[in-house]
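Chemist:
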Amino acid sequence: MPKKTIWFEMEENETPEQCIERMLKMGYRPVLRKEEPVFQRVDGEVVYFRQKVRFKGELMEEKNKK
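Per my numbering, the sequence shown runs over residues 1298 to 1363.
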């Protein structure tokens, strides 16, 4: 049985729309979006690298489930 909620991380070359489409194909609908910065150490200095985007997916229930 699949988990009721799961986090989906947006791939590096993926748009938010593509990530949500992937979620829907797997039977999950987005309920929360979370962004956090990713830093790297370059020449001893900490610098901004990119933004990590994750979507929390909630399992969609079947409409005809009894």
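Built from N, CA and C at the ideal position, the CB exists for glycine as well.
Does the region 1313 to 1325 come close enough to the region 1349 to 1360 to have 3 or more Cβ pairs within less than 8 Å?
Modeler: Segments in contact, yes.
Chemist: Starting from the Cα of Lys1301, find the closest Cα among Arg1338, Arg1326 and Glu1309 and give me that residue.
Modeler: The option with the nearest alpha carbon to Lys1301 is Arg1326.
Chemist: In the DSSP assignment, find the alpha helix (DSSP H) that holds Pro1299 and state where it starts and stops.
Modeler: Per DSSP, Pro1299 belongs to no alpha helix (DSSP H) and is neither H nor E.
Chemist: What does a CB cutoff of less than 6 Å around Pro1343 pick up in its chain, not counting 5 residues either side in sequence?
Modeler: It should be pointed out that residue 1343 corresponds to Val in this sequence rather than to Pro. Closer than 6 Å at the Cβ level, and outside the excluded window around Val1343, lie Phe1336.
Chemist: What is the DSSP secondary structure of Glu1355, counted as helix, strand or coil?
Modeler: Glu1355 falls in the strand class under three-state DSSP.
Chemist: Does DSSP put Glu1311 in a helix, a strand or coil?
Modeler: In the structure shown, Glu1311 sits in coil (DSSP, three-state: anything other than H, G, I, E or B).
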